[in-house]
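A.B. asks:
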Amino acid sequence: MEKKVTNIIIGAGPGGLACAKILAEHGQEVLVLERKEVIGPKVCAGGITWSGLLKVVPESLLEGAFADQYVHTNLQRVRVREQNPIIATISRKKLGQWMARAAEKAGATIRTSARVRSVSKNRITFLQPGQAVQTLHYTNLIGADGSTSIVRQFLGLSTEKIGVGINYMLPGHCPDMEWHLDTKLFRSGYGWIFPHKNSVSIGAFSDLDNMRPAMLKQKLLLWAEKQGYDLRGKHGQAALVNSDFRGCFFDTVFLVGDAAGLASGLTGEGIYPAIVSGEAVARRILDPGYRAPEIDAMAKKQRQHRLVIELSKKSPLLCSLLMEWLVLLLRLKVIRFHALEMAP
3 MEKKVTNIII
13 GAGPGGLACA
23 KILAEHGQEV
33 LVLERKEVIG
43 PKVCAGGITW
53 SGLLKVVPES
63 LLEGAFADQY
73 VHTNLQRVRV
83 REQNPIIATI
93 SRKKLGQWMA
103 RAAEKAGATI
113 RTSARVRSVS
123 KNRITFLQPG
133 QAVQTLHYTN
143 LIGADGSTSI
153 VRQFLGLSTE
163 KIGVGINYML
173 PGHCPDMEWH
183 LDTKLFRSGY
193 GWIFPHKNSV
203 SIGAFSDLDN
213 MRPAMLKQKL
223 LLWAEKQGYD
233 LRGKHGQAAL
243 VNSDFRGCFF
253 DTVFLVGDAA
263 GLASGLTGEG
273 IYPAIVSGEA
283 VARRILDPGY
293 RAPEIDAMAK
303 KQRQHRLVIE
313 LSKKSPLLCS
323 LLMEWLVLLL
333 RLKVIRFHAL
343 EMAP
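Each step along the sequence shown adds one to the number in the working numbering, with nothing skipped, and position 306 is 308.
1. Please report how far the alpha carbon of residue 248 lies from the alpha carbon of residue 231, in whole angstroms.
2. Express the C-alpha separation of residue 92 and residue 228 in angstroms, rounding to a whole number.
3. Whole angstroms are fine: how far does the CA of residue 176 sit from the CA of residue 142?
4. Should residue 182 be labelled buried (16 or more other beta-carbon atoms within 10 Å of its own) or exposed?
5. May I have a chain-ordered list of the beta strand (DSSP E) segments no shorter than 3 residues that lie completely inside the region 24-87?
6. Among 7, 145 and 219, whose alpha-carbon lies nearest the alpha-carbon of residue 20?
7. Can you tell me which of the three DSSP states residue 318 falls into?
8. Does DSSP put residue 364 in a helix, in a strand, or in coil?
9. For residue 90, tell me which candidate among 342, 310, 68 and 303 has the shortest Cα-Cα distance.
10. For residue 162, tell me which candidate among 169, 50 and 154 has the shortest Cα-Cα distance.
11. How many angstroms separate the CA atom of residue 118 from the CA atom of residue 71?
12. Whole angstroms is fine: what's the gap from residue 337's alpha carbon to residue 331's?
13. Can you tell me whether DSSP reads residue 274 as helix, strand or coil?
14. Could you tell me the alpha carbon to alpha carbon distance between residue 159 and residue 259, rounded to whole angstroms?
15. Give the DSSP-derived three-state secondary structure of residue 22 in the structure shown.
Okay, here's the thing in C-alpha cells:
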C-alpha cells in the first residue's frame, strides 16, 4: 500500500533541515530524504557571516571568527576591520549534523541513503539500499536538493546562471582570512584562503560564463603556488552553485537554497540563503498568507551581484576597474563588507 506523508523534503542540507525543524515544531508530519549516507559534508569553504548565521549558530561549532578581512586586488591590499567578527568558519559536517539533531528533536524523520528516482504530481518514488523502490504521496513537496535539483527539473525550470567553486582542505593553520580578486586569473571570481581550526580552506569561485571548471582549476593551482600552497597532487573537490532564481513557491511544491537558485553569483555564498529560504517556505506552508519578504530581499541582493558579473563580462579592463572600485569603496568605508553578503 502506498503511504501518504504531509511534507516531504528532498535534501538534508541547511535549507531542508531548517524547513523541517520549523514544520515539525508546529506539529506537522515531516519526512526528509537525503541521498548521502552521512548528513553534512559538502564542498564548501565554510564561511558564515555575522549578519546572517553567526548570530544563531552555537559558538562551539565555530572553527574561527575574524573581525579582519584581507582583500587583495591587482593594485590594492586592504584590511577591512569591524568591531564584531565579519565572517567565521565552520565545518559543514558539524553544522549539518547539529541541524539534523535539532530537526529530529522537533519531530522530523530523516532517512539517509535515500535516492529519489522520480517526482510527479502528488507523489515521489525513492530507493534505499537493500529495499524495493518505495512510493510516497505528499501534500507538500520541498526541493532542497541542490544545484541539480530533481524537484526543480520536475517544475520545468531551467538553470542558466551557474557558478563553480573548487575547494582544497589542507592540514595546518594560517592567521588571516583572505580574499583575492585577481581579475587576470579569476575575472569576476576570486580566490580565497579561509582558516579553520586545524586546517586551511584554499579555493576559487567563478561564474561559468566567465570560466569553465578545468580552466578555473588551472588558475587556482597557479595562484595557490604564489601564496605558498602547493596543491598539485592534493585532493580537491568542486561543486556547482545555482544563482538562477525563478521563485520558491509553486502551489504545493517549493524550492529552497541552491535548488531555488538563491546563491550569490558573485561570491558563491549559499548557506545563509538556504537556511532563510527553508524557514520562509515552512512559514508559507503553515500560513499560506505569509508574504516572505526575506526572499524578496535576497532576490534583490542577488540581482545587484548579477549586475556586477554582467558588467565585468564586457571587457577585462572594465572587470578590473569594477573590482578596484569596489575595494576602494570598502577601503574608504563608503560601503561595508556586508554589502557583499546575501543578508539584507
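C-beta atoms are modelled at their ideal positions from N, C-alpha and C, and glycine is treated no differently.
C.D. replies: Judging by the given coordinates:
1. A direct Cα-Cα distance of roughly 39 Å separates residue 248 from residue 231.
2. So the alpha carbons of these two residues sit roughly 26 Å apart.
3. Going by the C-alpha atoms only, they are around 46 Å apart.
4. Flag for residue 182 reads buried.
5. Within the region 24-87, the complete beta strand (DSSP E) runs of at least 3 residues are 32-35, 49-51, 64-68, 70-75 and 79-83.
6. The option with the nearest alpha carbon to residue 20 is 145.
7. If DSSP states are grouped into helix, strand and coil, residue 318 belongs with the helices.
8. Lying outside 3 to 346, the shown extent of the chain, residue 364 is not represented and no answer is given.
9. Residue 68 is the option with its Cα nearest to residue 90.
10. Comparing Cα positions, the closest option is 154.
11. Rounded to whole angstroms, residue 118 to residue 71 spans 41 Å at the Cα level.
12. Their backbone Cα atoms lie some 6 Å apart in a straight line.
13. Helix at residue 274.
14. Each residue's CA atom was taken as its position, placing residue 159 and residue 259 some 15 Å apart.
15. In the three-state DSSP reduction, residue 22 falls in the helix class (H, G or I).
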